[in-house]
Structure formats: structure tokens, C-alpha cells
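Visitor: Protein chains in written order, with the UniProt record's numbering: chain A, 1 to 153; chain B, 1 to 344; chain C, 1 to 521. For every residue, glycine included, the Cβ atom is placed at its ideal position computed from N, Cα and C.
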Amino acid sequence: MKLQDARKDLLAGAVFTGFGLAFAVTASTYDIGTALRMGPGFFPLVLGAILVLLGISIAVKGFVAGEGGDLGTVPWRSLVLLIAAILFFGATVRDLGLVPALFVSVLLAALAGRGVRVVPAVVIAASLTALSVLIFVVALQLRLSLVGPWLGG
Amino acid sequence: MPRGPRYDIARPRRSRSVIGLAAATLTLAACGGGGGGGEDAAASYPDGDITFVVPFSAGGPTDTVTRLIAEPMSAELGQPVVVQNVEGAGGTIAAGQVASAEPDGYTVLMHHIGMSTAPSLYSDLPYAPLEDFKTVGLVTEVPMTIVARNDLEPTTLEELVAYVQENQDTVTIANAGIGAASQLCGLLFQQATDTTLTEVAYEGTGPALTDLVGGQVDIMCDQTTNTTGQIQSGEIKGYAVTTPERVESLPDLPTTEEAGLPDLQVGVWHGLYVPTETPDAIVEELTAALQVALTDQNVIDQLAELGATPVPEEDATPEAHTEQLSSQIDLWQPIIEEAGVSAD
Amino acid sequence: MGILDSLALGFETAFTPVNLLFCLIGVTLGTAVGVLPGIGPTATMALLLPITFGFDPATSLIMLAGIYYGAQYGGSTTAILINLPGESSAAVTAIDGHQMAKQGRAGKALATAALGSFFAGSVATLLVALLATPLSRLALDFGPAELASLILLGLIASITLASGSTLKALAMIVLGLLLGTVGQDIGSGTPRFTFGQRELFDGLDFVSLAVGLFGVAEILRNLEGSMVRSVVVKKVQDLWLTREDFRRIRMPVLRGTALGSALGVLPGAGHVLASFISYSTEKRAAKDPQEFGRGAIQGVAGPESANNAAAQTSFIPLLTLGLPANAVMALLIGALLIQGIVPGPNVINEEPGLFWGLIVSFWIGNLFLVLLNLPLIGLWVKMLAIPYRWLFPAIIGFAAIGTFSINLNAFDVYAIAFFAVLGYGLIKLGCEPAPLLLGFVLGPLLEEYVRRALTISQGDATVFVTRPLSLTLLVLAVVAFVVAVLPTVRRKREVVFVEEDDGSRPPQPAQAGTGDGAARR
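Here is the structure:
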């Protein structure tokens, strides 16, 4: 059962090792230079290697100690909805304009809540969109078009 | 929390009311979509906010020049001019955005000498300076100064040249980053003095100047906008200005020509651009407004404080500036290539 | 001109009705934008720059400066209430401040932040008035080698930001350093890790990182459990500090003020380092270091004071030498230029009214801020009563707009999503986000300074130890490292499991009844 228990540290170690490798490998395609005349690749390459070592140490230590603890629940539905909300805003705010992009994003976000039904979510989205326009466009005078070119705005 | 009344005080003087401004934003949005409508649009131009996109941070020299001319241009055009800073990748982000903006005259790019060097620095530029833009006109040319930490031995440019030639291996020359005016001027300086110095790159002029004042680096070449205050107070040594004429605010500095380095001629020019499909009638409107702004006494005075002068009227035209831009592109290309500088 | 005459002139300038009014406007606006996630003081000042054209130079600067230090007050509010630091320095406040809020002590945390900030701001203002010139000279002695050593010291100090596993904290710092390298290399212009996207040339945006790693990840954690809302199910206790609280924050505030005042003068990272080093110092100095990360009031008092003192002293290089210590100061230079004043050492002699008026206005502004913020505490705490199903979509919406508005760059918004997933995942795996954030902020600077020091010395690595200041800082860094690692080693020898156990704890383990407690043995 050791492996089962240490899952968390093994995973953490794997994540760090993965990032370290990705950075180090990419960095090695840049000019490395030498320690005294560093090129753009030197610093990330060294750090990537250090991160790989740290990642392995974390995993090994976790495995030896076998003390990982439980991961707990992951709110997958909420996670997907929230990320979708953020990405949607970024992708469409320019072309749809602030109001529609924000409305959809906040609606998606609101639906990420537990047991939130569609109608209350629409109310939340509409009110927050109005509030945001008041704060950011009217009060702070940000130059964002309210309705974008896709909607003929 | 922000509330109405405070903004009544803090609002731009031009705008009529908060509601009015919101309405103006809506109008802008409306124009954005329906733009490019050719003659009809040109006839009614301008009837909404005009955005000047500045590719560098607020408070920098380019931003300052833009804001200086934005006010009289706005008065002349009869519409608010909004300055928007879109930073990134040596100004190429902003230029790319404007190149693909609606060609309706409501989105105008202010750019500097970097407009001509970007094609040499970036291999996959999403726009071509000459093909994707129409020039509105040249705005100003800011002279550059050759400066050094104030405990560097040489006192004249001649001595400095001898000094750097003697001490090539140890002399350090600061610049504000890849493609910055200070780097370009530094390249010219090395070319003119036939030296290869150790270039020390900074992220912007501020930190570079800080290290120069602190005596960490030896020399630098930067715009009068950045160096005048420090030279006047003796925090750094000034050797020469890189323009044909001396600068009013620094009367003691000889020109490079007087001081024996005539090859070193460079100024940071600023120009205005619109997307290439913009109707000529709209470009004419903008050019006319620019020319009026350049005769504004306040603009002349303020630019003088920065060590700069507005360009004469015949240079503030699309034709003259297009020609200048094209010759500048040709000038920098071999210099940048030879120095092996690349931004990607 | 003697100091008294100068101050008299300053009071004369600052106390005109117009300047008082615009000082108030500035700090109020600053508080507002500090509270809103995303949109920070730099963006606001840039927005308001045009309207200052018509002002007197002193009025213009007084208002713009007010926005800056006002935002420092406001930034800690969101950090405490919803774990969303708007600025790097507020990230430290979030660690213990948000825990306090969860325990129903939001009022106390906010009051501590406001009082600490006021004290620090006032003392630092006095320092600016009395010692601006010598301090700026001292700051100039910090060349690239010294700054590199200082940042190394800061990074090592940040290990103590985590209350869990040291190994994981180290890994988070390194990951942060690596994420900080994304973008165009300053020296060579090579774009690194940008996948050919020009929008990434200037690197990942700090605001995106903070919003994703802290704000959104926190929302996800809150949506995990069966509880309807995270932020304070517990009843809000009294808002004001007790005598005991005052006793506990006294020394942290003093030390924070000293640290912040000193580090704020330095270019670049001084401001950020101040709050991180202050936190680390307080954790070392505390009798109950385990309390840190679980709502220690000292963990709010120290960094908040440091941060505000630094905000004030960071004006020193600008005022005395015309050199900007950070982006905000660069913007003020622009404001001066537009007014026809060439910033530089001469300003103090040529425009004494402006110089001293601005300094006096700092103090007035800080007074306004504390008067404004203390009564607002009640209001902010009530905000926590907003149902969570309303609060979190609002946070998402505001954060998205605010982040996008800075550069109108969609990538900054995508980066929020990336950091949210990364942050949430890592938190689930027992890694705490604060060290990553510090690594991210300091990484590019560390690389820049190290490489610059080596370039200037023509590749001679001994610069780091032959320059006395740099050597001193390096020695301090080694000491800090030993101090940070020793207890871990010792503890491990005694109780093998403790450390691992700590490591398995999620970073916000304090709230009772959320199930997190079960992981602890």
C-alpha cells in the first residue's frame, strides 16, 4: 500500500520533473554560453536540471516515507467550467465586445457553483455584467468596446 | 469605491459628462465595425474618439511626445484623442495591432525609429512598415547625447574616442535593450570609432541610467529626453549631441561633427501611421491637424525642454516621411546585420 | 534652506485646498483600484495622466503619487478577503491575512494592515524628508553584483514562506524562476519559451499569475467541499485589535518599517523583497512559528508595514536623482516631463515647492488613507456576507476584465487559466504557491543581475565576493540558508514523520471542519 499512500508526493515529483525536463530540453536549443559568459539558454537549463533533481528527490522521499495523504475530491465540473469561462473571455472579448463576452463568461462561472440552476445563474451573469460595465467602463473609463465587430457593433 | 461625484472632478476636461463619455465609447464601438466605408466615412471624419496607440510604456519619451501633440491635434480635429499604451516586443505588438485595425482613421500608430529597424531585428514580422501603413507625417526628432559616468577620465569627445580605442577590452557601453534607440546609437558609435565594446543591456532607460549615474557602466548614448537633467546637474558627463545643430537646453555640448566624429549622426524620430487602406482624405485630415499641432507654442516650448524641436512643415507630410522611413530602413539593415543583432 | 524652512514650504504647498482635494482624490482612487483585482496603480495612473496636464505640477504629482501608495492600502484588502493579491507584495499579506479572514478575524487583519501601513508610511515619509540625498547615494552603491546577492538572499528567505516541506518549497521557487524566464532575453533578444507567440515576448504577466495561482485556485478549493461558502462560516469577531494584538504587532511593524524603508530605495525588486524578507524575519522571530500560515497577525503586520514603507522610500531615487526605481516612478517622470520639468538632481533646488510639497503630501495622504480605510473595514467585512455563488463569478469577471485591460492582451487572460490549473494542482499535491510567486518575480532579475555583473566584470566571477557589500549579502544568504534548513534536518532526526506530515498538508490548513484537518496526525 506504500505506493498508494505516497501517490501525492510521487505526483508532485512527477510534475516538477516534467516541468524541469521541458524547460531544460527547450533551453538547450538556445545559445548556452559558459558560466562566465551566459547565453540565453544557460540560466533556464541549469534551473531545469535543478528542478528535475528536486522533483526526483520529492518523489523518492515520498515513496520511502510512504506518507502521501489523500488527494481529496477534485471538483472537475467546476474546474472545467471556470477554465472555460476564463478562456472564453480572452478569446472573444475583442470580437464580441465586452458585454456579450463577459455575460457568457460569468454565466459559465456561475454554473460552476454547486447546485446552481440556470435561471439564477443567468440573473447573476446579467447583474454582474451590468455592474462591471458601470465600474470599468463608466467609472474607470477603460477603453473597451461594449459590442464588438462580430455582432456588427 | 469609485463614485460619480469624484469623477466629475477628475474627468478629462474634454469630455462633457460621464454619460457623454460612455456614449462616445459606444460611438467608437459603432465606428469600429462599420469602418472602412470609403468616401462616406471620409466625409464625416472625424465624428468619434480617435485612439493614438503608443507602443511603449506610459511616461516614456515616445508617450510624452504623443501626449504633447495629442492635445492640439484633438482641438484641431474637434474630437477627443485618446492615448493608449500597448507595450510589447519592441513595439511590434502595437504596430501589428494597428496594421490590422479598421482603416478608418480612428486608430493611429505613433512609432519611433524602431519602425525602421523592426524588419531587420525580427525575422517574422506580421507587418511590413512600408506596405501595411500609410504615413501621416514625421512629428519630431529627438537628439541623442553621448554620455559617461562622471568619473570617467576623458573630458572631450576626442579624448573619449581615444580612450575607448585604447581600452576596447574593458570599456562597457549601456543600452536600454534590443532595438532601443540607445542600442542603435551605441552600434553607430562603435562603428564610427572602429571599436568593439562590451554592450550591457538593460530593460529600459531608467535602470541603465541608474547604473551610469552609479558608475557601474562607462558610457551610453541616449536621447536628450532622458539625459538632460543628469547632464545639467553633473551626475553624468556629456560629450556631444548627435544632431547637426546644438541643443538649446544643453548649449555647452558640441555636435558630433564639431567634436570630430561626423559619422555619428542619429536622432530618434517619431512618426504617425495609419493602416494602409485608410482613405487619403482621412490621412490628409490627420496630416493637416499634425501640422497645426507642430506650430502650437506650447508644443514647441515643451519639446524644447526635452531638447527637441518639431519638424518643419514640409517634413510633416506623408510623402516626406515615407521617403525618410524607406531610407532609414535601408540605413539600419546593414548595421544591424553586421552587428549580429536579432530579436528572434 | 534649513529643513524646517523646507518643511514649512512643503506644508504651504500641500495644504492648499486644491492640493488637499487632489491628494484625497488620488488616495481614494488608489484604494479603489487596489481593491479591484487586475487593474493596478500603473494602469490607473496612465489613464489619468492626460487630465493632469492642466494641473499645477505639484498638484499633478501629489494626485498621481496618491494613487500609487493608496493602491498599496487597497491591494491588501482583496488579498485578505478573497486571497487575491493585486501586487506581488500583497501576496505575502494573503498568506496569513486570508487565514485570519477565514477564522472570522478579517476585521482585525484589515485593521492591522491599515495601522501598520500608516505607521510605516509616516516614518518612511520622515526618512524621505530628512535623509533622501544620503540614502540615494547609498542606493547607487548597489551595482548588479550587490543586487544579485540581495535577490539570492531574498529567495532563500522565501523558503520560510512555506509552512510545509522545504523540498517542495525549493521546487516551487525554482519552478517560479523558470516561469519568470519566459519571454525575450534582455541581453540577446532571443525569445524563450514563447512558442513563437509575439504576445509572450514580454513574459507572463504578474497579475495573471497572482489571479490564477491565488484567486482562482482558491475558488476551486472552495468549490470542493460540501460547504456552501468558504470565506468565513465562522462569525465575524470584533473588528478592533485588543491590547494583546497590539503587543504582538508592535515589533513586527517596527522591523517591517525599517526593512521596507531600507529596501525600498533600491532599484527593481526592493519593494517586493521588503515584504517577503519581513515575513521571513517575523516567522524566525516569533515564539510560535507554527502559527504562521494559519493566521498569525504578525504575518500581516510586518509585511504590510514593510510594503508601505518601501512604497514611500521608492520615491527617493526619483526625487533626488530623477531615476525611476520601478514602472510607477517611470510614469511619474513622464508626468513631470509633460509639465515641462526635467527630472533630475536639480529639481530639489529649482522646484523646492514641488519637492517638499510632494513629501508633505505623502504624510497627509497616509493620514487620509488610514481615516478612509478604518471605517471601511466594517463595509469590507460585510462584503464577506455576499453569498458565495455571487462572489466567485464576480471575482472571475472582474479579474478577467482587469487583467485584459492592462495591455489589451488576450494572452494575459489565457495565462490566468494556465496558472489556475497549475496552482490548484500543485496545492492539491501539497505545494504552497507563495514561493513560486516570489521566484517568478525575482527570477528574471536574478538572471539579469548575475549576467550583467559578469558582463561588466568581463567574465570575472570574483566580483560577487570582492565587493564588500555583495560579500556581506552573500554571507547573510548563507546564514539564512543554514537557518532555514537546520531546523528541518534536526527535526527529521527527532521525529521522522513530522516533516513529511507537514508536507502533506494543504497550504491553508487552518480552517476547522473542512476535512483538511483529517490529513494531520
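Is the number of C-beta pairs between the region 35 to 50 of chain C and the region 321 to 336 of chain C that are closer than 8 Å three or more?
Guide: The region 35 to 50 of chain C vs the region 321 to 336 of chain C: in contact.
Visitor: Closer than 7 Å by C-beta to Q333 of chain B: which residues in its own chain qualify, once you throw out the five before and the five after it? Chain order, please.
Guide: The sequence position of residue 333 of chain B within the second sequence is 333, counting from 1. Excluding positions up to five away in sequence, the list reads S120.
Visitor: Applying the criterion that 16 or more other CB atoms from any shown protein chain within 10 Å of the CB defines a buried residue, is L36 of chain A buried or exposed?
Guide: If you number the first sequence from 1, residue 36 of chain A lands on position 36. Exposed, because fewer than 16 other Cβ atoms sit within 10 Å of the Cβ of L36 of chain A.
Visitor: Does the Cβ-Cβ distance between V413 of chain C and L87 of chain A come in under 9 Å?
Guide: Numbered from its first residue, the third sequence carries residue 413 of chain C at position 413. Numbered from its first residue, the first sequence carries residue 87 of chain A at position 87. Yes.
Visitor: If A312 of chain C sits next to Y73 of chain C, beta carbons under 8 Å apart, how far is it from one beta carbon to the other, in whole angstroms?
Guide: As a working note, residue 312 of chain C is residue 312 in the third sequence. As a working note, residue 73 of chain C is residue 73 in the third sequence. Checking the displayed sequence, the identity of residue 312 of chain C turns out to be Gln instead of Ala. The pair is not a contact, with the Cβ atoms about 12 Å apart (cut-off 8 Å).
Visitor: Using a Cβ-Cβ cut-off of less than 7 Å, list which residues of the region 246 to 261 of chain C approach chain A; keep chain order.
Guide: Listed by position along the chain: nothing, the set is empty.
Visitor: Using three-state DSSP, classify F52 of chain B as helix, strand or coil.
Guide: Here residue 52 of chain B refers to the residue found at position 52 of the second sequence. Strand.
Visitor: Looking at A148 of chain B and Y239 of chain B, is the spacing between their C-beta atoms short of 9 Å?
Guide: What you label residue 239 of chain B is simply residue 239 of the second sequence in a count that begins at 1. What you label residue 148 of chain B is simply residue 148 of the second sequence in a count that begins at 1. Contact: yes.
Visitor: Got a sec, what are the start and stop residues for the alpha helix (DSSP H) P143 of chain B sits in?
Guide: Counting from one through the second sequence, the residue named residue 143 of chain B turns up at place 143. Unbroken run through P143 of chain B is the beta strand (DSSP E), 133 to 149; no alpha helix (DSSP H).
Visitor: When the Cα atoms are used, what is the spatial distance from T29 of chain A to T190 of chain C?
Guide: Taking the first sequence and counting its residues from 1, the one referred to as residue 29 of chain A is at position 29. Taking the third sequence and counting its residues from 1, the one referred to as residue 190 of chain C is at position 190. Each residue's Cα considered, the two are about 11 Å apart.
Visitor: With G256 of chain C and P289 of chain C assumed to form a contact (beta carbons below 8 Å), what rounded beta-carbon distance in angstroms separates them?
Guide: Position 256 of the third sequence, counting from 1, holds the residue named residue 256 of chain C. Position 289 of the third sequence, counting from 1, holds the residue named residue 289 of chain C. Contact doesn't hold; Cβ gap of about 17 Å is too wide.
Visitor: So if DSSP puts Q184 of chain C in a beta bridge, which residue, or which two residues, is it bridged to?
Guide: Locating residue 184 of chain C in the third sequence gives position 184, where the first residue counts as 1. C:P191, per the DSSP bridge assignment.
Visitor: What three-state label does DSSP hand N85 of chain B in the structure shown?
Guide: Taking the second sequence and counting its residues from 1, one reaches residue 85 of chain B at position 85. Reduced to three states, the DSSP call for N85 of chain B is strand.
Visitor: Return yes when the Cβ of D132 of chain B is within less than 9 Å of the Cβ of A99 of chain B, no when it is not.
Guide: Indexing the second sequence from 1 puts residue 99 of chain B at position 99. Indexing the second sequence from 1 puts residue 132 of chain B at position 132. In this structure, D132 of chain B lies closer than 9 Å to A99 of chain B by Cβ.
Visitor: Which partner residues does T198 of chain B have in the DSSP bridge list?
Guide: Working through the second sequence from its first residue, we reach residue 198 of chain B at position 198. Note: T198 of chain B sits in a beta bridge opposite B:T172.
Visitor: Contact between the region 423 to 443 of chain C and the region 172 to 181 of chain C is defined here as three or more beta-carbon pairs at a separation below 8 Å; is this criterion met?
Guide: The region 423 to 443 of chain C, when compared against the region 172 to 181 of chain C, does touch it at the 8 Å Cβ threshold.
Visitor: By DSSP, does Q223 of chain B sit in helix, in strand, or in coil?
Guide: Position 223 of the second sequence, counting from 1, holds the residue named residue 223 of chain B. Three-state result, Q223 of chain B: strand.
Visitor: May I ask you to verify whether the region 54 to 71 of chain C touches the region 245 to 256 of chain C, counting CB pairs closer than 8 Å and requiring at least 3?
Guide: No, because fewer than three Cβ pairs between the region 54 to 71 of chain C and the region 245 to 256 of chain C fall closer than 8 Å, the two stretches do not touch.
Visitor: Apart from the five residues just before and just after V292 of chain B, which ones in its own chain have a Cβ nearer than 7 Å to its Cβ?
Guide: Numbered from its first residue, the second sequence carries residue 292 of chain B at position 292. Closer than 7 Å at the Cβ level, and outside the excluded window around V292 of chain B, lie P72, E76.
Visitor: When you compare each of B:M110, B:L138, B:Q230, B:T62 to L294 of chain B by their alpha carbons, which one comes out closest?
Guide: Residue numbering aside, residue 294 of chain B sits at position 294 when the second sequence is read from its first letter. That would be B:L138, whose Cα lies nearest to the Cα of L294 of chain B.
Visitor: Could you compute how far the alpha carbon of I56 of chain A sits from the alpha carbon of G26 of chain C?
Guide: As a working mapping, residue 56 of chain A is identified with position 56 in the first sequence. As a working mapping, residue 26 of chain C is identified with position 26 in the third sequence. Each residue's Cα considered, the two are about 51 Å apart.
Visitor: Please list, in chain order, the residues of the region 446 to 470 of chain C that have any C-beta partner in chain B closer than 8 Å.
Guide: Here the close residues are E448, R452, T455, I456, Q458.
Visitor: Give a yes or no on whether the C-beta atoms belonging to F52 of chain B and Q79 of chain B are separated by under 9 Å.
Guide: As a working mapping, residue 52 of chain B is identified with position 52 in the second sequence. As a working mapping, residue 79 of chain B is identified with position 79 in the second sequence. Their beta carbons are not under 9 Å apart, which means F52 of chain B does not touch Q79 of chain B by this criterion.
Visitor: Is the Cβ-Cβ distance between V106 of chain A and I135 of chain A less than 9 Å?
Guide: For this step, residue 106 of chain A is matched to residue 106 along the first sequence. For this step, residue 135 of chain A is matched to residue 135 along the first sequence. For V106 of chain A and I135 of chain A, no; Cβs fall outside 9 Å.
Visitor: Terminal residues of the continuous beta strand (DSSP E) containing G271 of chain B?
Guide: In the second sequence, the residue the question calls residue 271 of chain B occupies position 271. Note, G271 of chain B: beta strand (DSSP E), 267 to 275.
Visitor: In chain order, what residues of the same chain have a beta carbon less than 6 Å from the beta carbon of V463 of chain C, not counting five sequence neighbours either side?
Guide: As a position in the third sequence, residue 463 of chain C is number 463, starting the count at 1. Excluding residues within five positions, the ones whose Cβ falls inside 6 Å are A145, A453, S457.
Visitor: Checking the sheet assignment: what are the DSSP bridge partners for L109 of chain B?
Guide: The sequence position of residue 109 of chain B within the second sequence is 109, counting from 1. Answer is B:V53, B:Y273, bridged to L109 of chain B.
Visitor: Going by DSSP, what residues sit across from K168 of chain C in a beta bridge?
Guide: Taking the third sequence and counting its residues from 1, one reaches residue 168 of chain C at position 168. Answer is none; K168 of chain C lacks a bridge partner.
Visitor: The alpha helix (DSSP H) with A208 of chain B in it runs from where to where?
Guide: On the second sequence, residue 208 of chain B is found 208 positions in, with the first residue counted as 1. Counting along the chain, the alpha helix (DSSP H) containing A208 of chain B begins and ends at 205 to 213.
Visitor: Give a yes or no on whether the C-beta atoms belonging to L115 of chain C and V370 of chain C are separated by under 9 Å.
Guide: Walking along the third sequence from the start, residue 115 of chain C turns up at place 115. Walking along the third sequence from the start, residue 370 of chain C turns up at place 370. Yes.
Visitor: Note down, in chain order, all residues in the region 35 to 53 of chain A with a beta-carbon under 9 Å from any beta-carbon belonging to chain C.
Guide: Per Cβ criterion, the list reads A35, L36, R37, M38, G39, P40, G41, F42, F43, P44, L47, G48, I50, L51.
Visitor: Does N298 of chain B pass the burial test, meaning 16 or more other C-beta atoms within 10 Å, or should it be called exposed?
Guide: As a working note, residue 298 of chain B is residue 298 in the second sequence. N298 of chain B comes out exposed.
Visitor: Nearest chain C C-beta to G148 of chain A closer than 9 Å, yes or no?
Guide: Counting from one through the first sequence, the residue named residue 148 of chain A turns up at place 148. Not an interface residue.
Visitor: Pull up the distance between the alpha-carbon of L98 of chain A and that of A410 of chain C, whole angstroms please.
Guide: The residue labelled residue 98 of chain A in the question sits at position 98 within the first sequence. The residue labelled residue 410 of chain C in the question sits at position 410 within the third sequence. Spanning the two alpha carbons is a distance of roughly 13 Å.
Visitor: Just mark V35 of chain C as buried or exposed, buried being the case when its beta carbon has 16 or more other beta carbons within 10 Å.
Guide: The count along the third sequence starts at 1 and reaches residue 35 of chain C at position 35. Buried.
Visitor: Here's a check: name, in chain order, each residue in its chain whose Cβ is nearer than 8 Å to the Cβ of A171 of chain C, leaving out the five neighbours to either side.
Guide: Position 171 of the third sequence, counted from the first residue, corresponds to residue 171 of chain C. Closer than 8 Å at the Cβ level, and outside the excluded window around A171 of chain C, lie C431.
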